[in-house]
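Data first, discussion second: the structure below is written as structure tokens.
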Amino acid sequence: LCRVLVQMCKMKAFHELCTLSPDLPQMVSTALKSGTTEWFHMKKQHLKPMVKSMEENGKALSRLLLEVIGDLQQGQKIWNKFFINTLKLNLFSIAYLELETLVAEHVQEQLREVDSSMSKPTAESLFQLYMNLQELYKMKDFLPKRDGPLALSNFHQWFKEAVPQWLQKAYTIALERAQRAVQMDQLTPFGEHNKHSTSTVDLSTCYAQIVKTWQQLNWPDPEEAFMIMVKLVEDMCRIALMYCRLIKERAEALSLSEQNEGEAANRLCIVVNNIKQLRLLILKLPSQLDWAQLEQRTGAVINHQQIQHTLQHQLDSAVSCLDHEIRDVVQALATKLEKGIARHIQELSSSNNNQEPEDSIIPLMRFLESELHYLNEHLVQENFKSLLALLWHHTLDVLLAAAGQQVPSAQRYKKLHCALKSLELCFHAEGCGLPLETLHTTTFLSLETHLALCSATSRKLIQKYFINRIQQQLNTSSEKYGAVTIKALYRPSEQKLRVEVLNAVNLIPLDSNGSSDPFVQLTLEPRHEFPEVVARTTQCKRNELHPLFDEAFDFLIPPEKCRQEGACLLLTVFDYDTLGSNDLEGEAFFPLRHLPGLDADEDQADAGRVPQTRLPLTHPKPTGDEILRLLESRKGDKEAQAFVKLRKQRAKQSKETE
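Structure follows, in structure tokens:
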């Protein structure tokens with residue numbers, strides 16, 4: 001028809017007879033506008049609701065908009081190209097500009113009575129109307145370039161009163177769906193490879209629906225869009241916390257109905273996995289809700305820091321609450337195991353002393369391996385490691401308490417020490433469990449040291465005592481009690497240790513005349529390593545605080561004895577007392593491991609080249625130390641008691657105050 005009209009307008013007769021008629025494109029454009037207006041009013045009349053109410057008006061408007069959108073889509077896809085090719089007219093532009101103006105006027109007129117007290121059905125009908133208007137407004141993208149706003153440019157403002165109702169509906173639907181999901185959840189794993197249950201899948205759907213609501217709204221005003229986002233995030237966080245409470249109540253209800261402890265633990269595993277899964281959902285919200293785009297849109301009206309502070313604070317608060325819930329459930333799981341661990345450790349510490357430590361810990365390790373294997377299968381890895389950390393701290397506390405209750409028995413301490421080392425391996429699990437830096441807490445390190453000492457033999461403790469005294473000697477620089485100077489040399493060919501006591505200086509006066517009568521006693525320690533070697537003494541120097549001894553002593557000892565850790569030459573300087581016991585001037589510990597000549601292949605040691613060694617004199621602490629207390633507690637061990645007696649005598653003469 002358009003082509004025929006075009007050809008008619010080109011005819012000579014048409015120009016002669018219709019000289020005053022406008023050109024064809026103008027006539028067609030006018031006809032299209034009037035026809036579009038008539039079509040709109042006809043459709044409006046046809047779709048007019050039978051019952052006059054805001055709800056029915058909203059539904060009628062939505063139906064009318066669907067007709068308008070459908071007509072415009074057909075015109076744009078099918079007819080527009082024909083009018084452009086034949087008449088150079090953009091049919092879609094003419095129809096769209098006419099219809100969007102008519103729609104804007106009609107919708108505004110119908111929505112004048114809308115207020116915040118509208119009913120829920122009315123709000124629902126208005127949401128559909130908003131969506132249809134949004135679709136109609138988006139069709140402006142098919143228009144050629146146009147200056148100035150359209151009649152629908154601010155259509156979203158007509159629905160401001162309805163937005164709170166829309167958001168409330170989205171929240172209510174999600175909340176009710178989450179509640180139903182929990183009620184239906186049997187707290188069993190969802191699928192073969194999952195460790196959470198069905199309710200988390202439903203909850204994910206609830207969140208997806210709220211995200212969809214945000215995307216559908218696509219609210220143009222940036223400041224108002226930010227407030228909508230704040231409300232949506234707040235609602236989603238509230239649903240998360242509600243879910244935590246309900247899922248724990250559901251687990252408790254199912255456990256009470258069955259009275260099965262194993263199943264109860266399994267449900268707790270599912271609960272903590274579900275909350276962990278929920279935590280992941282919450283952390284995905286910034287990307288799903290596209291906070292970055294919102295920040296770009298609101299940059300001109302809302303400060304970047306305000307956006308981050310408000311939204312991120314909401315998210316962080318929710319995540320913090322979820323973390324607290326996870327810890328609570330993991331703690332409940334740990335509590336169920338803690339009783340079993342405490343019972344096995346108590347049985348271990350009170351078991352027969354004749355039983356080997358490795359055998360006594362078998363029941364504890366079997367119990368732990370069984371329980372931890374089960375929990376590892378039913379918990380996600382992060383939750384399992386949190387549980388391991390709680391159990392580890394509890395286990396250390398139980399072992400610490402058991403160690404404090406022990407009667408003095410090295411065998412019982414050996415069992416606890418063996419248990420501690422085995423538990424360390426169990427909880428580390430060759431790198432699959434807790435890392436060593438997590439296991440090696442201050443409590444663990446001090447407990448390990450304590451148990452290692454308590455489980456050691458008396459001779460090992462005595463050796464450890466001298467190791468400590470040698471280290472103290474090396475760390476001492478003060479000569480407040482004076483010093484003694486020696487030269488020491490080992491001759492491998494003769495297996496002989498030669499010691500020259502040269503002098504002592506700055507001794508403290510212990511006699512009433514302000515001087516002392518010093519002499520030096522030389523002993524090789526520990527005594528049990530050198531049972532055949534007798535103590536040697538220098539001559540006594542009368543009234544001297546800086547005595548010159550210049551005496552040499554030989555000790556026949558094999559080189560391997562000198563190389564043992566803790567082996568030392570103990571030099572004790574006494575003040576000779578004619579009537580009573582000799583007074584202590586001080587003592588010094590010279591280690592034998594690094595004797596000149598000890599590691600020579602041949603006897604190349606030259607006494608003249610051996611350097612002098614100046615040793616500050618020290619006094620033992622009067623309060624004693626842990627090793628001496630342990631040895632003293634072993635009443636039936638004569639060797640231990642003899643050693644403690646000697647050290648106590650020295651401590652009584654000590655000038656140290658603490």
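Heads up: the sequence shown is residues 1 to 658, going by the UniProt record's numbering.
Cβ coordinates follow ideal geometry from the N, Cα and C atoms, glycine included.
Note that this is a predicted model, so its numbers are computed, not measured.
Determine the extent of the beta strand (DSSP E) in which I486 is found, giving its start and end residues. Walking along the sequence shown from the start, residue 486 turns up at place 486. Run containing I486: A483 to R491, per the beta strand (DSSP E) assignment.
Distance, Y413 Cα to L451 Cα: The residue labelled residue 451 in the question sits at position 451 within the sequence shown. The residue labelled residue 413 in the question sits at position 413 within the sequence shown. Their backbone Cα atoms lie some 6 Å apart in a straight line.
Threshold first: 3 residues or longer. Then list the beta strand (DSSP E) segments lying entirely within the stretch 445-529, N to C. 483-491, 496-505 and 518-525
When you compare the CB positions of R279 and L322, do they come within less than 8 Å of one another, or not? The count along the sequence shown starts at 1 and reaches residue 279 at position 279. The count along the sequence shown starts at 1 and reaches residue 322 at position 322. Yes, they are a contact pair.
Residue ranges of each beta strand (DSSP E) within the stretch 204-246, 3 or longer: none
The stretch 312-320 touching the stretch 370-387, judged by at least three CB pairs closer than 8 Å: no
Does the distance from the CB of L72 to the CB of A60 come in under 8 Å? If you number the sequence shown from 1, residue 72 lands on position 72. If you number the sequence shown from 1, residue 60 lands on position 60. The answer is no: Cβ separation not under 8 Å.
Out of curiosity, what's the CA-to-CA distance linking V644 and K638? Here residue 644 corresponds to residue number 644 of the sequence shown, with the count starting at 1. Here residue 638 corresponds to residue number 638 of the sequence shown, with the count starting at 1. Cα to Cα, the separation comes out at about 10 Å.
Looking at the structure shown, is D316 part of a helix, part of a strand, or coil, going by DSSP? Position 316 of the sequence shown, counted from the first residue, corresponds to residue 316. If DSSP states are grouped into helix, strand and coil, D316 belongs with the helices.
At which residues does the alpha helix (DSSP H) containing A162 begin and terminate? As a working note, residue 162 is residue 162 in the sequence shown. Per DSSP, A162 belongs to no alpha helix (DSSP H) and is neither H nor E.
In whole angstroms, what separates the C-alpha of A419 from that of L631? Stepping through the sequence shown from its first residue, residue 419 is reached at position 419. Stepping through the sequence shown from its first residue, residue 631 is reached at position 631. Straight-line Cα distance between these residues: approximately 23 Å.
In angstroms, rounded to a whole number, what distance separates the CA positions of T395 and T443? Taking the first residue of the sequence shown as position 1, residue 395 is located at position 395. Taking the first residue of the sequence shown as position 1, residue 443 is located at position 443. Their backbone Cα atoms lie some 11 Å apart in a straight line.
Quick one: what does DSSP say D185 is sitting in, helix, strand or coil? Taking the sequence shown and counting its residues from 1, one reaches residue 185 at position 185. Coil, per DSSP.
CA-to-CA distance, K160 to Q179, given in whole angstroms: The residue you call residue 179 lines up with position 179 of the sequence shown. The residue you call residue 160 lines up with position 160 of the sequence shown. Straight-line Cα distance between these residues: approximately 30 Å.
Ignore the nearest five residues each way along the sequence and tell me which others in F553's own chain have a CB closer than 7 Å to its CB. For the purposes of this step, residue 553 is taken as residue 553 along the sequence shown, with counting starting at 1. Counting only Cβ-Cβ distances below 7 Å, and skipping sequence neighbours, we find V499, L522 and R536.
For R634, which of helix, strand or coil comes out of DSSP? Stepping through the sequence shown from its first residue, residue 634 is reached at position 634. Three-state result, R634: coil.
Hey, could you find the ends of the alpha helix (DSSP H) T298 is sitting in? Residue 298 sits at position 298 when you count from the first residue of the sequence shown. Where T298 is concerned, the enclosing alpha helix (DSSP H) stretches over W291 to T298.
Cβ distance (whole Å) where A410 is taken to contact A483 below 8 Å: Working through the sequence shown from its first residue, we reach residue 410 at position 410. Working through the sequence shown from its first residue, we reach residue 483 at position 483. Contact flag wrong, Cβ pair sits at about 38 Å.
Distance CB(S386)-CB(N274) smaller than 8 Å: Taking the sequence shown and counting its residues from 1, one reaches residue 386 at position 386. Taking the sequence shown and counting its residues from 1, one reaches residue 274 at position 274. No. Outside cutoff.
Among W291, H417 and E626, nearest to L400 - alpha-carbon criterion: Taking the first residue of the sequence shown as 1, we reach residue 400 at position 400. Here the closest residue by C-alpha is H417.
Spatial neighbours of S199 within its chain, please: C-beta separation below 7 Å, excluding the five flanking residues on both sides. One-based indexing of the sequence shown puts residue 199 at position 199. Excluding sequence neighbours, S199 sits near A181, V182, D185, I247 and N274.
Alpha carbons only, please: which of L584, P611, D599 and C432 is nearest the one belonging to L646? Indexing the sequence shown from 1 puts residue 646 at position 646. Ranking L584, P611, D599 and C432 by Cα distance to L646 puts L584 first.
Tell me, please, which residues DSSP counts as bridged to A588. Residue 588 sits at position 588 when you count from the first residue of the sequence shown. BP columns for A588 point to L571.
CB of V233 within 8 Å of CB of L281, strictly: Start at 1 with the first residue of the sequence shown, and residue 233 comes out as number 233. Start at 1 with the first residue of the sequence shown, and residue 281 comes out as number 281. For V233 and L281, no; Cβs fall outside 8 Å.
Start-to-end residues for the beta strand (DSSP E) that takes in L579: Position 579 of the sequence shown, counted from the start, is the residue given in the question as residue 579. Careful: L579 lies outside any beta strand (DSSP E) and carries neither H nor E.
Helix, strand or coil for D147? Go by DSSP, reduced to three states. On the sequence shown, residue 147 is found 147 positions in, with the first residue counted as 1. D147 falls in the coil class under three-state DSSP.
Using 7 Å as the cut-off, classify the Cβ of A174 as near or not near the heavy atoms of the ligand FMN, replying yes or no. This structure lacks the ligand FMN; in fact it carries no ligand of any kind.
When E525, H546 and P611 are compared against C562, the one with the closest alpha-carbon: As a first step, residue 562 must be located in the sequence shown, where it is residue number 562. Of the candidates E525, H546 and P611, the one whose C-alpha sits nearest the C-alpha of C562 is E525.
Looking only at DSSP bridge pairs, what is D554 linked to? To locate residue 554, count along the sequence shown from 1; it is residue 554. Partner(s): R498.
Do Q463 and E565 count as a contact pair if the criterion is CB distance below 8 Å? If you number the sequence shown from 1, residue 565 lands on position 565. If you number the sequence shown from 1, residue 463 lands on position 463. Closer than 8 Å, so yes.
I want to know whether the stretch 301-316 touches the stretch 325-340 - three or more CB-CB distances under 8 Å. no
So which of P518, A265, C432 and P220 has the shortest CA-CA distance to Q296? Start at 1 with the first residue of the sequence shown, and residue 296 comes out as number 296. Looking at the Cα atoms, P220 is the closest of the given residues.
Spatial distance of S350 from T449 (CA atoms): Residue mapping note: residue 350 aligns to position 350 of the sequence shown, counting from 1. Residue mapping note: residue 449 aligns to position 449 of the sequence shown, counting from 1. Each residue's alpha carbon lies about 21 Å from the other.
Express the C-alpha separation of D575 and E551 in angstroms, rounding to a whole number. The residue you call residue 551 lines up with position 551 of the sequence shown. The residue you call residue 575 lines up with position 575 of the sequence shown. The straight-line gap from Cα to Cα measures roughly 18 Å.
Since L99 contacts T36 with CB under 8 Å, what's their CB separation in whole angstroms? On the sequence shown, residue 99 is found 99 positions in, with the first residue counted as 1. On the sequence shown, residue 36 is found 36 positions in, with the first residue counted as 1. Sure, about 6 Å apart at Cβ, within 8 Å.
Out of L461, L595, P620 and Q277, which one is the CA nearest neighbour of Q612? Here residue 612 corresponds to residue number 612 of the sequence shown, with the count starting at 1. Out of L461, L595, P620 and Q277, L595 has the C-alpha closest to the C-alpha of Q612.
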